[in-house]
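Numbering (our numbering), first residue to last: 7 to 145.
Even glycine gets a Cβ: it sits at the ideal position worked out from N, Cα and C.
Because the structure is a prediction, the values reported are computed rather than measured.
These notes concern the structure reproduced below.
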């Protein structure tokens, strides 16, 4: 049975679809949700989202960190950023990842705050997820 998947960013509702299954990058590991899943709230890490539609097709999205609320009839995802596969600019994502990786390497040679390091690592993970999702959509 299908259920509602709603993804919300600070800019508003990113998308809302009726889906058969969604696989999300949880902070403690990847997890899948089907209709009538047990209710829970969990943290999400940046990564790819696999969305299985009622017609049997699969869509992909890349998200930043955030939270997911799972109820029996819907999954609400609250994240800072969400990009559906067709929205991803591969060249920009590759450039962003390379810049963040370079900055991380330079940081290892200098004393920087842990917060700055965590932000750069999150940028690398987000950009990597976007590249992966773009490849799955166009591959």
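Taking the Cβ atoms as the reference, residue 99 lies roughly 12 Å from residue 52, outside the contact range of under 8 Å.
A straight-line Cα-Cα distance of about 16 Å links residue 87 and residue 103.
Each residue's CA atom was taken as its position, placing residue 80 and residue 112 some 43 Å apart. Note on geometry: alpha-carbon atoms of residue 38 and residue 61 lie some 18 Å from one another. Each of 34, 126, 139, 72 was checked against the Cα of residue 82, and the nearest Cα belongs to 72. Closest in alpha carbon position to residue 84, among 9, 31, 25, 140, is 31.
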